[in-house]
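**Student:** Quick one: the structure is below, and I'll ask about it shortly.
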Amino acid sequence: MSVSRREFIKNISSASLFLLGGSVLNLTPSEADSLRKKSSLRFIVASDGHYGQEGTEFNLLHETLIQHVTDFHAANPLDFCVINGDIIHDEKDYLVSAKSYLDKLPVEYYVTKGNHDKVSDGYWKELWGISVNHEVKIKGNSMLLATTSNEAGEYLSPDLEWMKMKLDANKKAKNIFIFIHIPQAKWTKNAIDTPAFFELLRTYKNIRGVFHGHEHDQDGVRMVDGLPFMFDSHIGGNWGTSYKGFRVVELIKDNSILTYLMNPTERINQASF
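Residue numbers for the sequence shown follow the working numbering, so the first one is 1104 and each next one is one higher.
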């Protein structure tokens, strides 16, 4: 069963359009729906599945995610998905099972490592076939996916030397999107403060968005110097927003960016920012 226009409008929330000049337009669900026909790139960002967490229905939650993404993709073809950290809840042995669920996603997907993904960088690469810091190029756009933790689960800044190297190499890319699990500004109690991260990003005008997980109760957007830093609530775990959803990002043909939260289980109020 695919997502009908009526279902889309019912389940969407927090729709915004980011223009090239850095301005933001808040959209009604109907306005967001009309723009989807003009997309040149479409992807989903979800995070915090916490597979294996005691006291949660983690198998059911992942089955639900797969079904919702599959339904969405049937009506709105996706180019890829990103699972932005905390795939498991501490226990290494759960990572293979979590991957077996994610392998059922209907499109190619990429992952970042979060603080609850307590495995070595070597094991991560062995299982996923990619390093904890890696780049993917899709339709002339660069996706930079970087770790913000280690095997001990410490909160870390991304490898800024690696990131600068990749940003320099992609100065001519159409757009750059960055995916890191832990926020690098103290917007929330579980974030850390890394001013150097923001100083680095300011020098590259083709960075179009930064995506965070980690904070299950956050589903909005923070603007810094015209650059959106986006959250996506959570798909698992035992705390956070009352709903479990994911963020959709669409690159419009004029190079503006449409983004919204899909909340397939419970309607929430439209957000403004």
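Ideal Cβ placement from N, Cα and C applies to all residues, glycine included.
Here's the rule I'm using: 16 or more other beta-carbon atoms within 10 Å means buried, otherwise exposed. How should Q1170 be labelled?
**Tutor:** exposed
**Student:** Alpha helix (DSSP H) containing T1215: first to last residue?
**Tutor:** Unbroken run through T1215 is the beta strand (DSSP E), Y1212 to T1215; no alpha helix (DSSP H).
**Student:** If you drop the 5 nearest sequence neighbours on each side, which residues of the same chain put their C-beta closer than 7 Å to that of G1343?
**Tutor:** H1319, D1320, S1336 and H1337
**Student:** Mapping the DSSP letters down to three states, classify P1331 as helix, strand or coil.
**Tutor:** strand
**Student:** For a test of the three-state rule: what should DSSP assign to N1372, helix, strand or coil?
**Tutor:** The pLDDT assigned to N1372 is 31, lower than 50, so where the model puts this residue is not dependable; a value taken from the coordinates is nonetheless given after this. Of the three classes helix, strand and coil, the one that applies to N1372 here is coil, per DSSP.
**Student:** Just verifying my parser: in three-state terms, what is the DSSP assignment at H1274?
**Tutor:** What sits at residue 1274 in the sequence shown is Lys, not His. Residue state, collapsed to three classes: coil.
**Student:** Specify, as a first and last residue, the run of the alpha helix (DSSP H) that S1200 falls within.
**Tutor:** L1198 to L1205
**Student:** For N1366, count neighbouring Cβ atoms within 10 angstroms of its own Cβ and tell me buried if that reaches 16, exposed if not.
**Tutor:** buried
**Student:** Quick one: any contact between the segment 1139–1158 and the segment 1182–1196, if contact means 3 or more CB pairs under 8 Å?
**Tutor:** yes
**Student:** May I ask you to report which of helix, strand or coil DSSP gives A1255?
**Tutor:** Correct three-state label for A1255: coil.
**Student:** Does the segment 1177–1184 come within contact of the segment 1217–1228, defined as at least 3 CB pairs closer than 8 Å?
**Tutor:** no
**Student:** Between the Cα of L1303 and those of V1324, L1330, K1277 and K1292, spot the shortest distance and give me the residue it belongs to.
**Tutor:** Of V1324, L1330, K1277 and K1292, the residue nearest in Cα terms is L1330.
**Student:** Does E1160 come out as helix, strand or coil in the three-state DSSP assignment?
**Tutor:** coil
**Student:** Under a three-way DSSP split, which group does E1238 fall into?
**Tutor:** strand
**Student:** Is I1360 closer than 8 Å to V1313 when the C-beta atoms are compared?
**Tutor:** no
**Student:** Could you round the C-beta distance between S1142 and E1353 to whole angstroms and report it? I think they count as a contact, below 8 Å.
**Tutor:** 4 Å
**Student:** Alpha carbon to alpha carbon, how far is W1265 from S1375? Give it in angstroms, no decimals.
**Tutor:** Residue confidence for S1375 is low, a pLDDT of 27 falling below 50, so the modelled location carries little weight; the figure read from the coordinates is stated next. If I take the Cα positions, the gap works out to 34 Å.
**Student:** Within 10 Å of its beta-carbon, does M1268 have 16 or more other beta-carbons around it, so buried, or fewer, so exposed?
**Tutor:** M1268 counts as exposed, since fewer than 16 other C-beta atoms from the protein chains shown sit within 10 angstroms of its C-beta.
**Student:** Could you please give the first and the last residue of the uninterrupted beta strand (DSSP E) stretch that includes E1353?
**Tutor:** F1349 to I1355
**Student:** Let me know if K1347 comes out buried or exposed under the rule of 16 or more other beta-carbons within 10 Å of its beta-carbon.
**Tutor:** Classification for K1347: buried.
**Student:** State the Cα-Cα distance for the pair S1252 and F1175, rounded to the nearest angstrom.
**Tutor:** 31 Å
**Student:** Apart from the five residues on each side of it in sequence, which residues of its chain come closer than 6 Å, Cβ to Cβ, to A1201?
**Tutor:** Beyond the five residues adjoining it in sequence on each side, A1201 comes within less than 6 Å, by CB distance, of Y1154, I1190 and I1191 in the same chain, given in chain order.
**Student:** Exposed or buried, which one is N1236 when buried takes at least 16 other CB atoms within 10 Å?
**Tutor:** buried
**Student:** T1297 by DSSP, collapsed to three states: which one?
**Tutor:** Three-state result, T1297: coil.
**Student:** Buried or exposed for T1250, please, with buried defined as at least 16 other CB atoms from any protein chain shown within 10 angstroms of its CB.
**Tutor:** buried
**Student:** Hey, how far is the Cα of V1199 from the Cα of L1230?
**Tutor:** 8 Å
**Student:** Helix, strand or coil for N1366, going by three-state DSSP, please let me know.
**Tutor:** Three-state result, N1366: coil.
**Student:** Return the CA-CA distance between R1305 and R1311, expressed in angstroms with no decimal places.
**Tutor:** 11 Å
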